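Colleague: Structure below; questions to follow.
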Amino acid sequence: MLWMVLRRLVAVAAACMVAACDSSTAHTADGSADEAIASTAQATGSATATKPAPTAVPATGGSGYSATLSARLVTTDSLPPGFTVEIATVMASDAGDQPSGAGVACSDSMIPLLSATRLTGTPSAMAAATLSYDGDPDGWGWVGTEVLRTYADDGARRAMTDLRTFISRCPTLVVSSGLGIGDRYRFAVAAGPRLGDDSIHVSCSTTSGSGTLEWDSVLVRIGTTLVVVKEQGNEPGGDKYLIQLAEAALRRYQATGS
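This is how it looks when you write it as structure tokens:
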């Protein structure tokens, strides 16, 4: 039952990597109330729909929102039928100067870093969107996010290095539910295509009892920018869309450059 409830929450909302969350939001599978799910979008696409109109970019938003960078996010007309895109106007902060060395203990506070929901460093600008697909015959649908992070310095390269360091040090974490049952989080660098100047496929899964959800990410570095596509709590095998969405996001970002 817990997994059905969590899956429904994920199916109608993007995680806090897209929108900032209220600190009172309940604890979720990302391991932190600060990373709890914010309701920002619902899947409304149709696998049989006609070619959708280009995604509208909001003119204004909250602190950290960039309409210029948001215009470089993937759009519905560059995705297969059935996908919808909703651009976020409120950005969640990254981890800042979080140390990544051997002296940092592996704990549930690292889960957002390990899962690439947040990254070390401070971007100069961010843009994000919820990607939803409702064309699966099993009725579950698919939910993911795209995040663009631009840096004024070498932050993109350092964020990728730190992420690899964290994963190699802390491949497994167990978080107690308080009922004597631990939720197990597993992280690894998975096989994936070589994209941009550097890329990484982060495999992330959460197991509670007999239920498992996946939160895989693909991160691509293009100069001082990171293009990140992440699946949000889908059933095993849900990463089947991840690579093609990451490639589409990369093409869109490159095609809209000055």
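Per the working numbering, residue 1464 is the first one in the sequence shown, and the count goes up by one each step. For every residue, glycine included, the Cβ atom is placed at its ideal position computed from N, Cα and C. All values reported here derive from a predicted model rather than from experimental measurement.
Counting Cβ pairs closer than 8 Å, one from the stretch 1652 to 1666 and one from the stretch 1678 to 1686, do we hit at least three?
Modeller: Enough Cβ pairs lie closer than 8 Å, so yes.
Colleague: Does residue 1693 pass the burial test, meaning 16 or more other C-beta atoms within 10 Å, or should it be called exposed?
Modeller: Looking at its Cβ environment, which holds 16 or more other Cβ atoms inside 10 Å, residue 1693 is buried.
Colleague: Nearest to residue 1611 by alpha carbon, out of 1627, 1539, 1593 and 1568?
Modeller: The candidate whose alpha carbon is nearest that of residue 1611 is 1593.
Colleague: Which residues in the same chain have their Cβ closer than 7 Å to the Cβ of residue 1702, if we skip the five residues on either side of it in sequence?
Modeller: 1677, 1679 and 1694, listed in sequence order.
Colleague: Which residues in the same chain as residue 1699 place their Cβ atom closer than 7 Å to its Cβ, once the five residues preceding and following it in sequence are excluded?
Modeller: Hits under 7 Å: 1675 and 1677.
Colleague: In this structure, does DSSP put residue 1677 in helix, strand or coil?
Modeller: Reduced to three states, the DSSP call for residue 1677 is strand.
Colleague: Count the other CB atoms within 10 Å of the CB of residue 1617; is the residue buried (16 or more) or exposed (fewer)?
Modeller: Looking at its Cβ environment, which holds fewer than 16 other Cβ atoms inside 10 Å, residue 1617 is exposed.
Colleague: Rounded to the nearest angstrom, what separates residue 1580 and residue 1529 at their Cα positions?
Modeller: Spanning the two alpha carbons is a distance of roughly 19 Å.
Colleague: Which runs of the beta strand (DSSP E) spanning at least 3 residues fall entirely within the stretch 1524 to 1577, listed in chain order?
Modeller: DSSP runs (the beta strand (DSSP E)) wholly in the stretch 1524 to 1577: 1546 to 1550.
Colleague: Taking all protein chains shown into account, do 16 or more other C-beta atoms lie within 10 angstroms of the C-beta of residue 1622, making it buried, or fewer, making it exposed?
Modeller: Under this definition residue 1622 is a buried residue.
Colleague: Let me confirm a value: residue 1535 is counted as buried when at least 16 other C-beta atoms fall within 10 Å, else exposed. Which label applies?
Modeller: Buried: at least 16 other Cβ atoms inside 10 Å.
Colleague: If you drop the 5 nearest sequence neighbours on each side, which residues of the same chain put their C-beta closer than 6 Å to that of residue 1497?
Modeller: With a pLDDT of 33 at residue 1497, under the threshold of 50, the modelled position of that residue is not reliable, and no figure is offered here.
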